[in-house]
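Numbered by this note's numbering, the letters in the sequence shown go through residues 632 to 1088 in order.
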Amino acid sequence: MTSARHKDKRYRVLMLGWEFPPHISGGLGTACYGLTRHMTRLGTEVLFVMPCAEAKQDYFDNFSMISADKVTVSTTEEMLQEEIHEHTVECIPIDSPLSPYLSEVTYQQHLGRLQQQQEGFKKPKPPTVGCLDFTGAYGPTLLSEVRRFAVVATEVIKAHEFDVLHAHDWMTFPAAVEAKRLTGKPLICHIHATEYDRAGLTPDTRISAIERLGLHAADLVITVSQRSKDLIVKHYEVPPEKIRVVHNAVNKDRPVSDSVCPTINRKRIQELRVQKDKSNRKTVLFLGRVTSQKGPDYFIDAAKLVLHEMDNVRFVMAGSGDLLPRMVERVAAEHLQDRFHFTGFLRGEEVEQIYAMSDVYVMPSVSEPFGITPFEAMAYEVPIIVSCQSGITEVLTHAIKVDFWDVHQLAESILEILQDPDLAKRLALAGAAELEKISWDVAAVSVLKTYEELLGR
632 MTSARHKDKR YRVLMLGWEF PPHISGGLGT ACYGLTRHMT RLGTEVLFVM
682 PCAEAKQDYF DNFSMISADK VTVSTTEEML QEEIHEHTVE CIPIDSPLSP
732 YLSEVTYQQH LGRLQQQQEG FKKPKPPTVG CLDFTGAYGP TLLSEVRRFA
782 VVATEVIKAH EFDVLHAHDW MTFPAAVEAK RLTGKPLICH IHATEYDRAG
832 LTPDTRISAI ERLGLHAADL VITVSQRSKD LIVKHYEVPP EKIRVVHNAV
882 NKDRPVSDSV CPTINRKRIQ ELRVQKDKSN RKTVLFLGRV TSQKGPDYFI
932 DAAKLVLHEM DNVRFVMAGS GDLLPRMVER VAAEHLQDRF HFTGFLRGEE
982 VEQIYAMSDV YVMPSVSEPF GITPFEAMAY EVPIIVSCQS GITEVLTHAI
1032 KVDFWDVHQL AESILEILQD PDLAKRLALA GAAELEKISW DVAAVSVLKT
1082 YEELLGR
């Protein structure tokens, strides 16, 4: 019924994003994929612009991709910034070791290098015709790439017709604000995570300024949870009536969006689990960015407590991030290295295999706007434990929920699942069944309703 309602509403959307499979580093790319895939099924035409897109990648009907590094521009980023800042904010464009996931300690380590870079300020260059360089990564050139992305956006809007602008997260906000100014088209800013989620009480003021700029320029704001909505009302003074909550979801047949497998290979999963059961060793999984936001220290704290009670447990920390070296050092210092395994960043089939080999999935996030990975674990029938400080708790019933800081309760919950096979099975099956009610179709329809509000259709 909901699909039929929007069958004749063919919105043309210019969508700006920083990630899309196979170029992903976290939940942002997964969410963009799931949302656009189902929006296009409902008849919406999406033109998705990102820094670096896969060459000749086929996605789905009503969807097209523009790679910013392939767009020819006829101006320099310095010239454009002068015009943008006249209408937005004043800043000095320099490269810096900026990353949205750096801890305060890691950032301080870069300051000496930053001071040396200050001598490298360049004078504005004359206009040139060509393509701008992008990596699409969250590295030391990120702020420059955000500026270049705004340059590309001014070129894209000249060549394409669209009804609404839809921008995902702060990296795209300068481009979106400028596109709105030049075209007068309505703008939706979609927040998947804020600087206050990533950095806590020590936000990078440059990023928070860009977030504030986009949120106040937007006609409507979409957040992925009520928790996230409350946060931006508090920190950015955005009127609550301007914000719509659209919860994330999961593709139940293909939960890992960059997987080469079109559907879950249940037979292969069963084979892996039989193989694991023969070892009589339990596996507890942390999968996500290894940053302060995700609470890896609390995972290690809980692991120490669990290993005092059970010795046949292996802990896996899957992911990359600025805290990874320190986590490796800490595990070694605690003499836990024979019970810990660090995999680095995993993709596609590797992610599916690690879920298949896990007995418990733990997400001890300090501040999580939503958190898609628990959905993935549930799709593979893995019991989950999530922090109460996660937006996903707003839609989940069959999950154990603990405060991120309560490592004793976290350890007790892990032990409870590992030592009670009946409980583990009930949680796994109930969680998988709960996913049947959580769909990207529902999220897509909610987004289309925001378009209706703005366009009056």
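Beta carbons are placed, not taken as given, at the ideal position from N, Cα and C, and that holds for glycine.
Exercise. In whole angstroms, what is the alpha-carbon distance linking A963 and A1074?
Worked result: Cα-Cα distance, rounded: 43 Å.
Using beta-carbon positions only, say whether M958 and P995 come within less than 7 Å of one another. Judged by their CB atoms, M958 and P995 are not nearer to each other than the 7 Å cut-off.
Going by the DSSP bridge assignment, what does E676 pair with across the sheet?
According to DSSP, E676 bridges with R643.
(request) Would you tell me roughly how many angstroms separate the C-alpha atoms of E685 and T785, rounded to the nearest one? (result) Their Cα atoms are separated by approximately 22 Å.
Helix, strand or coil for V1073 per DSSP?
Helix at V1073.
Unbroken beta strand (DSSP E) run spanning L818, endpoints
L818 to I822 is the span of the beta strand (DSSP E), which, as asked, contains L818.
Practice problem: Would you mind giving the Cβ-Cβ distance between T1004 and L918, rounded to the nearest angstrom? I have them listed as a contact below 8 Å. | Solution: Yes, T1004 and L918 are in contact; Cβ-Cβ is about 5 Å, under 8 Å.
Original post:
On the three-state DSSP scale, how would you describe A684?
Top reply: If DSSP states are grouped into helix, strand and coil, A684 belongs with coil.
Task: Sequence ranges, beta strand (DSSP E) only - wholly within the segment 809-888, length at least 3 - done: Runs of the beta strand (DSSP E) inside the segment 809-888: 818-822, 851-854 and 874-876.
Using CA coordinates, which residue listed in E940, K898 and C1019 is at the minimum distance from A987? Distance from the Cα of A987 is smallest, within the candidate group E940, K898 and C1019, for K898.
Quick check on E1012: does DSSP put it in helix, strand or coil?
Residue state, collapsed to three classes: coil.
For this session: Write down the C-beta distance between T974 and L954 rounded to the nearest angstrom, noting that I regard them as a contact closer than 8 Å.
Result: With 8 Å as the limit, T974 and L954 do not qualify as a contact, their Cβ atoms being about 15 Å apart.
Query - When A933, P653 and H799 are compared against A1042, the one with the closest alpha-carbon - result: For A1042, the closest C-alpha among the options A933, P653 and H799 is that of A933.
Worksheet entry | Straight-line Cα distance separating Q1050 from E776 | Taking the Cα positions, E776 is about 49 Å away from Q1050.
Just curious, the alpha helix (DSSP H) that I1048 is in, first and last residue?
In the DSSP annotation of this structure, the continuous segment of the alpha helix (DSSP H) that includes I1048 starts and ends at V1038 to Q1050.
TODO: Could I get the ranges of all uninterrupted beta strand (DSSP E) runs contained in the segment 943-1008, with 3 residues as the minimum, in chain order?
DONE: Within the segment 943-1008, the complete beta strand (DSSP E) runs of at least 3 residues are 944-949, 971-975 and 991-994.
Going by DSSP in three states, S775 sits in which element: helix, strand or coil?
Per DSSP, reduced to three states, the secondary structure at S775 is helical.
query: What is the rounded straight-line gap between the Cα of R829 and the Cα of F1001?
result: For R829 and F1001, the distance between alpha carbons rounds to 13 Å.
_Quick check on D700: buried or exposed, where buried means 16 or more other Cβ atoms within 10 Å of its Cβ?_
By the neighbour-count definition (other C-beta atoms within 10 Å, threshold 16), D700 is a buried residue.
Exercise. Is DSSP giving H669 helix, strand or coil here?
Worked result: Helix, per DSSP.
ask   = Taking just the CA atoms, how far does L967 sit from T671?
value = Rounded to the nearest angstrom, the two C-alpha atoms are 48 Å apart.
- Message: If you measure between the beta carbons of L647 and T803, is that distance less than 7 Å?
- Response: A contact, by the Cβ cut-off of 7 Å.
**Asked** For the alpha helix (DSSP H) that contains A798, what are its first and last residues?
**Response** Taken as a continuous stretch (DSSP letters only), A798 belongs to no alpha helix (DSSP H), being part of the beta strand (DSSP E) at V795 to H799.
- Query: Do H1029 and E999 have their CB atoms nearer than 7 Å?
  - Reply: It is not a contact, given that the beta carbons lie outside the stated cut-off.
Notebook entry, point to check: How far does the beta strand (DSSP E) with V915 in it reach, from first residue to last?
Noted result: K913 to L918 is the span of the beta strand (DSSP E), which, as asked, contains V915.
N-terminal and C-terminal residue of the alpha helix (DSSP H) that F694 is part of: For F694, there is no enclosing alpha helix (DSSP H); the residue is found in the beta strand (DSSP E) stretching over F694 to S698.
Own chain residues within Cβ distance below 6 Å of S1021, not counting five before or after: If we look at S1021 and ignore the five residues flanking it on each side, its Cβ neighbours are S996, E999 and G1002.
Output needed for M696: all residues of its chain with C-beta closer than 6 Å, excluding positions within five of it in sequence on either side, in chain order. So the qualifying residues of the chain are F679 and A684.
Q. DSSP three-state call for V891: helix, strand or coil?
A. Because V891 sits at a pLDDT of 41, beneath the cut-off of 50, its placement in the model cannot be relied upon, and the point is left open.
| Can the beta-carbon of S1044 be found less than 7 Å from the beta-carbon of V1026? | Contact flag unset, no.
Contact set for C663: own chain, Cβ-Cβ below 7 Å, skip 5 residues either direction | Within the same chain, C663 has close Cβ partners G648, E650, F651 and H799.
### Query
Identify the residues that DSSP records as bridge partners of S1018: which are they?
Beta-bridge partners assigned by DSSP to S1018: V1033.
Give me, in chain order, the residues of the same chain whose beta-carbon lies closer than 6 Å to that of S1077; leave out the 5 immediate sequence neighbours on both sides.
So the qualifying residues of the chain are V877.
Do you know how far the Cα of P1052 is from the Cα of L774? Looking at the two C-alpha atoms, the distance is approximately 49 Å.
### Message
Within a Cβ cutoff of 7 Å, which residues of the same chain sit near E809, ignoring the five residues on either side of it in sequence?
### Response
These residues qualify, in order along the chain: I715, A781, A784 and T785.
Review point. With burial defined as no fewer than 16 other Cβ atoms inside 10 Å of the residue's Cβ, what is the status of M948: buried or exposed?
Key: By the Cβ-count criterion, M948 is buried, with 16 or more other Cβ atoms from all chains shown falling within 10 Å of its own Cβ.
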